Amino acid sequence: SEPDEASSYDPFVRSEVEYDAATRLQMAEEIASTRRMFVSPILKDIMVNPENFYHECQQSAKMAEDANQRRQMSFNTKREAYIHQM
Amino acid sequence: NEEFRGGPGVASPSPPAALLSEPLSRMDVLSEKIWDYHNKVSQTDEMLQRKLHLRDMLYTAISPVFPLSGLYVVGSSLNGFGNNSSDMDLCLMITNKDLDQKNDAVVVLNLILSTLQYEKFVASQKLILAKVPILRIKFAAPFDDITVDLNANNSVAIRNTHLLCYYSSYDWRVRPLVSVVKEWAKRKGINDANKSSFTSYSLVLMVIHYLQCGTEARVLPNLQQSYPTRFSNKVDVRTLNVTMPLEPVQDDIDPSLSENTTLGELLIGFLDYYANEFNYDRDAISIRQGKRVERAALAVRPKVHLSSEGEKEAPLPSSSASSSSVHNGIGVPMHHSLSNPHFWRSQWRCVCIEEPFTNSNTAHSIYDEMVFGAIKEAFREAHSELQDNRDLDRLLECEPIKASTTNA
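Protein chains in written order, with my numbering: chain A, -6 to 79; chain B, 8 to 415.
This is the structure in structure tokens:
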């Protein structure tokens, strides 16, 4: 049975759609032409042969943990500094 | 006098002699107030997690159209200087080359706009055509309190986010100092680039500069000099990783000296430095060089190279960042400002703060002499106020400057 729309909504489910290079380029060209712009050769190359720029070093779990550690560290060094200043 | 203090006949007891001695008085009320204020307003872990969650949702929606792209969090959300109301700046990376911001970036952002319009978590979108075009995205609940500004391939933002992140956690006093300075500037009406005053980024650079060379004992080193390979503008932005600790190197910071200055003293010193010591006519702020430099030396050096990032033939050894990210002030395309020496000079007219990677002036928005005069006056007032009373609440209960071009 079809799940109802609300319960099936999950932003983390990756889109089923994976456009191929030709489709991606066509999408870009359509967007550009409706706005009197153009797909430059550089942009065309990026759309057709994408290079890996994934944010490997900025993954969310690592970033959240890192921010928390920095906060703890600043609390500790603040405490030590105040003892030192006494 | 006695009557005023304790009422007639009630003499106030003298504090114990020990409390009046220098060491204990260093643990002052002002420093505690600054620290408490910072902890009240700084970005919470919960807010950061919600922002990162939102970034991941956006990436899921964008990646079918831009497979293998990277969606990087930049600016205050990740540089350590964010407060809880901060919006989130994102940078979509698709190439190592300079992406033309006039045409190509606009096509990219339009393509994303049309993709996101089918996403239920996106409430509204607006394309803002500026020097670096921005897609401003607002969201449905529960993310309706966060606004995202997305740019296409403006990679210098990733570099300076990375650099500022290390400055923000180098010493525990840096972030509280910035929190208070930002709030003071906001209430004073001088933290608004649209009103021809400072951006938050400029204020952060001003604090870092002061801690690098405006205090008696240095608090911050010059990270770009101490770690040339880590903070070079040649490093591939994909490898920039703020979770990697800095290996200790020799620098001229004496922790035992530096630690003797309290947070309160640093705030008073900051206001003093920009009210009385810094010579705006002669000096420019350079984080990259870790010192004051002659503004003439910066202003005569137009960035004419338009080479791609990472290319080796950049004409100036100290500057190879993308030209696309260079702001010229009032939305005039880069080539106009370069071909027009008057325009170039006007960018450096009032306050000179060198961007650590592009060498442009981050304070270019201050071009109005009236506003500039009011800003200098605001620093002088704030300094004498805080020095006399050491009262943070009184400092923050200030009236906005009157010379603002839009309020006039």
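Just so you know, even glycine gets a beta-carbon here, dropped at the ideal spot from N, CA and C.
Everything numeric in this text was worked out from a predicted model, so none of it was measured.
Chain A contact for residue i (CB, 9 Å cutoff)
i, result
"F350(B)", "Its pLDDT being 46, under 50, F350(B) is placed unreliably by the model, and nothing is read from it."
"H60(B)", "yes"
"T419(B)", "Within the shown structure, residues of chain B are numbered from 8 to 415, placing residue 419(B) beyond reach of any answer."
"N283(B)", "no"
"I101(B)", "yes"
"E266(B)", "yes"
"L55(B)", "yes"
"N91(B)", "no"
"K133(B)", "no"
"N229(B)", "no"
"R182(B)", "yes"
"D261(B)", "no"
"D152(B)", "no"
"N366(B)", "no"
"D52(B)", "yes"
C-alpha gap between residue i and residue j, whole angstroms
i, j, result
"N368(B)", "D38(A)", "33 Å"
"V72(B)", "I153(B)", "24 Å"
"D400(B)", "R194(B)", "12 Å"
"H216(B)", "V187(B)", "16 Å"
"A(-1)(A)", "K127(B)", "Residue placement at A(-1)(A) is poorly supported in this model, since its pLDDT is 42, which falls under 50; the coordinates still yield a value, given next. Rounded to whole angstroms, A(-1)(A) to K127(B) spans 10 Å at the Cα level."
"I408(B)", "V185(B)", "20 Å"
"E1(B)", "D279(B)", "For residue 1(B) there is no data in the structure shown, the boundaries of chain B being 8 and 415."
"I360(B)", "C172(B)", "19 Å"
"N396(B)", "C98(B)", "44 Å"
"N426(B)", "N42(A)", "Nothing in the structure corresponds to residue 426(B), since chain B is present only between 8 and 415."
"Q108(B)", "D156(B)", "15 Å"
"G87(B)", "D94(B)", "14 Å"
"T250(B)", "D59(A)", "6 Å"
"F350(B)", "H371(B)", "At F350(B), the pLDDT of 46 sits below 50, so the modelled position is not reliable; the number obtained from the coordinates is stated separately. Cα-Cα distance, rounded: 11 Å."
"T236(B)", "L247(B)", "11 Å"
"E384(B)", "A282(B)", "8 Å"
"K189(B)", "V214(B)", "10 Å"
"I382(B)", "M40(A)", "47 Å"
"R57(B)", "F150(B)", "8 Å"
"L170(B)", "G196(B)", "27 Å"
"H60(B)", "S263(B)", "41 Å"
"L85(B)", "L55(B)", "8 Å"
"E11(A)", "D43(B)", "49 Å"
"N240(B)", "N366(B)", "11 Å"
"L393(B)", "T269(B)", "14 Å"
"F146(B)", "F31(A)", "30 Å"
"E376(B)", "L75(B)", "47 Å"
Listed by chain order, chain A residues near residue i by CB distance under 8 Å
i, result
"S176(B)", "R63, M66 and S67"
"S42(B)", "According to the sequence displayed, residue 42(B) carries Trp and not Ser. Correct list: K71."
Contact set between residue i and chain B, taken where Cβ atoms lie within less than 7 Å
i, result
"Q51(A)", "Y79 and V80"
"V32(A)", "V114"
Amino acids of chain A, ordered along the chain, whose beta-carbon sits closer than 7 Å to that of residue i
i, result
"P71(B)", "S8, V10, E11 and Y12"
"D63(B)", "S53"
"P74(B)", "P43"
"S121(B)", "I24"
"L118(B)", "M20, A21 and I24"
"D111(B)", "S33, I35 and L36"
"D96(B)", "Those within 7 Å of D96(B) in chain A number zero; the least Cβ separation is about 13 Å."
"W179(B)", "S67, T70, K71 and A74"
Below-9 Å beta-carbon distance, residue i vs any chain B residue
i, result
"A15(A)", "no"
"L36(A)", "yes"
Residue interval of the beta strand (DSSP E) (run including residue i)
i, result
"E301(B)", "K298 to E301"
"L55(B)", "Here L55(B) belongs to no beta strand (DSSP E); instead the alpha helix (DSSP H) covers D52 to I69."
"R143(B)", "I141 to F146"
"T154(B)", "T154 to A159"
"S131(B)", "V129 to I135"
"M95(B)", "M95 to M100"
"I39(A)", "First-last for I39(A): P34 to V41, but that is the alpha helix (DSSP H), not the beta strand (DSSP E)."
"G77(B)", "G77 to V81"
"A291(B)", "D290 to S293"
Run of the alpha helix (DSSP H) containing residue i, from where it starts to where it stops
i, result
"N117(B)", "D111 to L123"
"I215(B)", "S207 to C220"
"Q232(B)", "L230 to S233"
"A25(A)", "A14 to T27"
Under 9 Å by beta carbon: chain A residues contacting residue i
i, result
"M87(B)", "Sequence check: residue 87(B) is Gly here, not Met. Under the 9 Å cutoff, chain A gives A60 and R63."
"R245(B)", "N45, F46, Y47, H48, E49 and C50"
"K104(B)", "I35 and I39"
"R289(B)", "Result: empty, since nearest Cβ-Cβ is about 35 Å, beyond 9 Å."
"D107(B)", "S33, I35 and L36"
Under 8 Å by beta carbon: chain B residues contacting residue i
i, result
"R29(A)", "By Cβ distance, chain B contributes nothing, its closest Cβ being about 10 Å from R29(A), past 8 Å."
Open item on the list: With three or more beta-carbon pairs closer than 8 Å as the criterion, would you say the segment 116 to 130 of chain B touches the segment 60 to 78 of chain B?
Closed with: yes
Task: the segment 244 to 263 of chain B contacting the segment 282 to 300 of chain B, beta-carbon criterion three pairs below 8 Å - done: no
TODO: Would you check if there are 3 or more beta carbon pairs closer than 8 Å linking the segment 95 to 113 of chain B to the segment 142 to 162 of chain B?
DONE: Cβ pair count under 8 Å is three or more, so yes.
Open item on the list: Between the segment 131 to 149 of chain B and the segment 223 to 231 of chain B, can you find at least three pairs of beta-carbon atoms closer than 8 Å?
Closed with: Counting C-beta pairs with one atom in each stretch, the segment 223 to 231 of chain B and the segment 131 to 149 of chain B have fewer than three that are closer than 8 Å, which means they do not touch.
Task: Three CB pairs or more closer than 8 Å across the segment 42 to 57 of chain A and the segment 19 to 28 of chain A - done: no
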